[in-house]
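Everything below concerns the one structure shown next.
There are 2 protein chains.
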Amino acid sequence: MTTILDGKKVSITIQDELAEEVRKRNLIGKKKPHLAAILVGDDGASITYVDAKVKACERIGFESTLIKLPEITTEKELITEIQKLNNNISIDGFIVQLPLPNHINEQKIIQTIDPKKDVDGFHPQNVGRMALGLPTFLPATPNGILEILKRYKVNTVGKHCVVIGRSHIVGSPMSILMSQNYYPGNSTVTITHSRTNNLKEICLLADIIIIALGKAEFLTADMVKEGVVIIDVGINRVTDETKKKGYRLVGDVKFDEVAKKSSFITPVPGGVGPMTISSLLMNTMNATKLNNH
Amino acid sequence: MTTILDGKKVSITIQDELAEEVRKRNLIGKKKPHLAAILVGDDGASITYVDAKVKACERIGFESTLIKLPEITTEKELITEIQKLNNNISIDGFIVQLPLPNHINEQKIIQTIDPKKDVDGFHPQNVGRMALGLPTFLPATPNGILEILKRYKVNTVGKHCVVIGRSHIVGSPMSILMSQNYYPGNSTVTITHSRTNNLKEICLLADIIIIALGKAEFLTADMVKEGVVIIDVGINRVTDETKKKGYRLVGDVKFDEVAKKSSFITPVPGGVGPMTISSLLMNTMNATKLNNH
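If you read the sequences in order, they're chains A and B. Per the working numbering, the first sequence runs over residues 36 to 328. Per the working numbering, the second sequence runs over residues 36 to 328.
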């Protein structure tokens, strides 16, 4: 029996819960959580992502502020904008949509954000708090994955979790979180990457596989054991002439064949992807409480 | 052929190098690195550790300041002392010797230290910078282990490294560092801990084992494969009536039998232990340069 981990459904549930919490807060005179986003330049994908975040805020009763800056914005000007948001007590949390234009140092920008308002969880101080198991803002994708595992009551304790990919926003934090003494977690964790020699052998040991590689349908049925839990973070376009757009989206997992061997599996689309906005909104609610609003 | 990873020898080499660097800096009028240590209370082991650090500073030409505070020091008083060190430009780096008395919140104290002077590498900001692969102060034991691997040119790339133990000061940072895209590192890393079910099976896959468990002679020959690299962080006392003190020190590894199967192995004592002070001194030199002294 394979259970599809329906991220879209979980995401809607979370947003309904947050909307209800906003409503209850309103009744006792507490302020609406307020998320701000800075968008530099006019990258199409970034505009889509930021718009989706703003719309989600509206839907659940959060306030939102979108600050659009031109591509030619200097690093110094961007830092000034960030400092305004740091000091603006009506803003509970904010993000700077990445990637930034090449003339701006991303790491410097991230480190300018007040860690208490860093709802993307990218500031080194928040990354460190995560690694130390202290309360913090978890980055959107890891946060979303933990939430899916939790809501489907997937057993992770003592399980062997193999993470494929070591990016700072998915693979590396996932490997840290899954090994910690919390639920979901307490797994034996193996982190694999481009220098790993014997990936198939390692995957065959896995009770849980979290893959964030960006390679279409990379993980095949012969690489997994019966009953495995699959979390597929990949979103890849593959040419498909039968589609209007000329492509379709697939994950890093060859879904049809791997699903047959899985106990739980996230689809693409509709798995991890829809969770990221809900993670951001959860962080914004937590930031609002953290700042005593 | 088994090579003993002689931490004592490496540690002396590093301290000689630092002494030479201090001498050269003196010639061009640059200040001596200055390490301060705060010791609260009169725990015997802590006094021994701090004294050893002070003596090492003297030996290699660093300045050192030891601040001894009574057991009854309040958290607030300790924070005041830390702030003085944060603001004292003659101090390049400092440590607060742990553990602290129970009435003081260690995490709060650590977070009061200026990250630029946090030569123990315990501040969340420095832990986060480590996890993100940014320049930082690495904690003493992980730093020492990397240095041993580097100086003995142990091949880590693409190797399967199994870390036993997930403490915040050894296991967890080691698992992060060994998986990163640097040398020593680029290993496939498995982190194991008290909830791991099949430790022996996993250890038998390991090319490199880093054990920080605190269990005398836990790792036995039947748990490792031929040619393994062993890094033993454990220091345990076992009763030994033939010794004057009535005990001897052993690691987490059953040395005699495991050494026979190992390509490289650290002894206990004389392996990882002696590296920790050198790590602290390296960090202090780096802090001095970081603060443009």
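Each residue gets a CB set at the ideal place from its N, CA and C atoms; glycine is no exception.
- Under the rule that a run must span 3 or more residues, the beta strand (DSSP E) segments found entirely inside the segment 208–236 of chain A read 223–227.
- Under the three-state reduction of DSSP output, residue 129(B) falls in the strand class.
- Of all residues in the segment 43–64 of chain B, none has a C-beta nearer than 8 Å to a C-beta of chain A.
- In this structure, the CA atom of residue 293(B) is about 52 Å from the CA atom of residue 135(A).
- The segment 162–169 of chain A makes no contact with the segment 295–305 of chain A; the number of CB pairs closer than 8 Å stays below 3.
- DSSP places residue 186(B) in the helix class (H, G or I) of the three-state scheme.
- For residue 232(B), the C-beta contacts it makes with chain A under 7 Å involve 193, in order along the chain.
- Measuring C-alpha to C-alpha distances from residue 155(A) to each of 201(A), 194(A), 172(A) and 143(A) identifies 172(A) as the nearest.
- About 7 Å separates the CB atoms of residue 281(A) and residue 275(A); that is less than 8 Å, so the two are in contact.
- Scanning chain A for C-beta atoms nearer than 7 Å to the C-beta of residue 167(B) yields 159, 162 and 203, reported in chain order.
- Take residue 100(A), set aside five residues on each side of it, and the residues of its chain with a beta-carbon closer than 6 Å to its own are 71, in chain order.
- Residue 130(A) and residue 58(B) have their C-alpha atoms some 48 Å from each other.
- Within its own chain, the residues whose Cβ lies closer than 8 Å to the Cβ of residue 296(A), once the five positions on either side in sequence are excluded, are 256, 259, 260, 261, 262 and 263, listed in chain order.
- Within chain B, not a single residue places a beta-carbon under 7 Å from that of residue 298(A); the smallest gap is close to 17 Å.
- Look at the segment 299–320 of chain B: it has no residue with a C-beta under 7 Å from a C-beta of chain A.
- Beta-bridge analysis with DSSP links residue 265(A) to 244(A) and 300(A).
- In this structure, DSSP gives residue 155(A) a state outside helix and strand, which the three-state scheme calls coil.
- Look at the beta carbons and you see the segment 41–61 of chain B not touching the segment 181–200 of chain A: under three pairs across the two are nearer than 8 Å.
- In this chain, the alpha helix (DSSP H) harbouring residue 314(B) covers 310–325.
- By the Cβ-count criterion, residue 267(A) is buried, with 16 or more other Cβ atoms from all chains shown falling within 10 Å of its own Cβ.
- Burial state of residue 62(A) is exposed, judged by a 10 Å Cβ sphere holding fewer than 16 other Cβ atoms.
- Contact between residue 328(A) and residue 152(A) is absent: CB atoms are separated by about 12 Å, not below the 8 Å threshold.
- In this structure the segment 174–192 of chain B does not touch the segment 227–236 of chain B; the number of beta carbon pairs closer than 8 Å is below three.
- With a cut-off of 8 Å on Cβ pairs, the segment 198–212 of chain A is in contact with the segment 200–219 of chain B, counting three or more such pairs.
- Residue 242(B) and residue 166(B) have their C-alpha atoms some 23 Å from each other.
- Distance from the CA of residue 110(A) to the CA of residue 81(A), rounded to the nearest whole angstrom, comes to 18 Å.
- The C-beta separation of residue 199(A) from residue 248(A) comes to about 5 Å, placing the pair in contact by the 8 Å criterion.
- Under a 10 Å Cβ-count criterion, residue 117(A) is classified as buried, with 16 or more other Cβ atoms of the shown protein chains found around its own Cβ.
- Annotation: residue 37(A) to residue 220(B) spans about 37 Å, alpha carbon to alpha carbon.
- DSSP places residue 283(B) in the strand class (E or B) of the three-state scheme.
- Against chain A, the CB of residue 259(B) has no partner CB under 9 Å away; the residue lies outside that interface.
- Rounded to whole angstroms, residue 147(B) and residue 170(A) show a C-alpha spacing of 17 Å.
- In this structure residue 50(A) is not in contact with residue 107(A), their Cβ atoms being roughly 36 Å apart against a cut-off of 8 Å.
- Looking only at 41(B), 53(B) and 39(B), the smallest Cα-Cα distance to residue 318(B) is reached by 53(B).
- Secondary structure of residue 113(B) (DSSP, three-state): helix.
- The contact set of residue 224(A) on chain B, defined by CB atoms closer than 9 Å, consists of 210, 224, 225, 226 and 227 in chain order.
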